[in-house]
Amino acid sequence: MDNTVAQFTALLQQQGIKLNPEQLKQFELYYQELVSWNEKMNLTGITERDQVYTKHFYDSLSLAFYLKMDDAKSLADIGSGAGFPGIPLKICFPHLKLTIVDSLSKRISFLQHVCDTLGLENVQLIHGRAEDVSRQFVHRDAYDIVTARAVARLSLLNEFCLPFTKKEGVFAAMKGSDPAEELKEAKFSFKELRAELQKVESFSLPVEESARHIVIIRKTGATPAKYPRKAGIPAKSPLI
4 MDNTVAQFTA LLQQQGIKLN PEQLKQFELY YQELVSWNEK MNLTGITERD QVYTKHFYDS
64 LSLAFYLKMD DAKSLADIGS GAGFPGIPLK ICFPHLKLTI VDSLSKRISF LQHVCDTLGL
124 ENVQLIHGRA EDVSRQFVHR DAYDIVTARA VARLSLLNEF CLPFTKKEGV FAAMKGSDPA
184 EELKEAKFSF KELRAELQKV ESFSLPVEES ARHIVIIRKT GATPAKYPRK AGIPAKSPLI
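Sequential numbering from 4 applies to the sequence shown in the numbering used here.
Put into structure tokens, the structure is as follows:
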């Protein structure tokens, strides 16, 4: 086991997450495919191996430090890009029924290839916009945990993600810098979309010490029928 993997494994063990050899192999394959496909299409600006393991894999798994993944059955990752945080969480918690929504078909092709290469089962990959997909009965108010990592400001994210979240379920927005300003701005959207702020967890990424915040939001009721608004409208006029 090289230094990168040894450090990754040790850091996760400190958080109570133990990886078996098969899972470590899946992470390594994921890294290789990410770098290989990144030469053909823009998936990530981070390609150094130790950086990918810290800034993508460990960072994605940080959600499990604050939420009980073993208790959840379903997870939706909205605007997943190259598969973060959904795929690392699925590798670590194979029981999760994972749904990934992304608006770019090339990224969905990459993710399908990753799932096939890693042998991941019970993963649904959907090419579409969150506003359209969450209107479908099967996805509406349906998921135990919904997440989005560095996608948009909270007032907009709430409208993208809360319609997927089941009543009493959790939407966890994964952020970099302190979201205090965004939280103030998002107060109206919480009320409109039947949700309340539970807590904000903050930590620093190991080694490079950059700030991370996870905004944990509880869904208190079914999404009102008028939300989300038609694709494109939330971005133009967020719920502020």
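All C-beta atoms in this analysis are idealised placements derived from N, C-alpha and C, irrespective of residue type, glycine included.
{"Item": "Take every Cβ of the region 82-92, pair it with every Cβ of the region 7-16, and state whether three or more of those distances are shorter than 8 Å.", "Value": "no"}
{"Item": "Report the option in S108, K202, A214 and D73 whose CA atom is closest to the CA atom of F96.", "Value": "D73"}
{"Item": "Considering only the alpha carbon of each residue, which of A238, K233 and N161 lies closest to L200?", "Value": "N161"}
{"Item": "Cα separation between E188 and A175?", "Value": "17 Å"}
{"Item": "Under the assumption that L114 contacts L128 (Cβ atoms under 8 Å), give the Cβ distance between them as a whole number of angstroms.", "Value": "5 Å"}
{"Item": "Suppose only complete runs of 3+ residues qualify. What are the beta strand (DSSP E) ranges in the region 71-149, listed by chain order?", "Value": "77-81, 100-105 and 126-130"}
{"Item": "In this structure, how does DSSP classify S200 when only helix, strand and coil are distinguished?", "Value": "Rather than Ser, the amino acid found at residue 200 in this sequence is Leu. Note: L200 maps to strand in three-state DSSP."}
{"Item": "So for T168, helix, strand or coil by DSSP?", "Value": "strand"}
{"Item": "Can you have a look at P182 and say buried or exposed, based on whether 16 or more other CB atoms are within 10 angstroms of its CB?", "Value": "buried"}
{"Item": "Could you give the residue range of the alpha helix (DSSP H) that holds I220?", "Value": "Run containing I220: none in the alpha helix (DSSP H); it sits in the beta strand (DSSP E), A214 to K222."}
{"Item": "Tell me where the alpha helix (DSSP H) around Y34 begins and ends.", "Value": "P24 to N41"}
{"Item": "Taking the alpha-carbon positions, what's the I81 to A13 distance?", "Value": "29 Å"}
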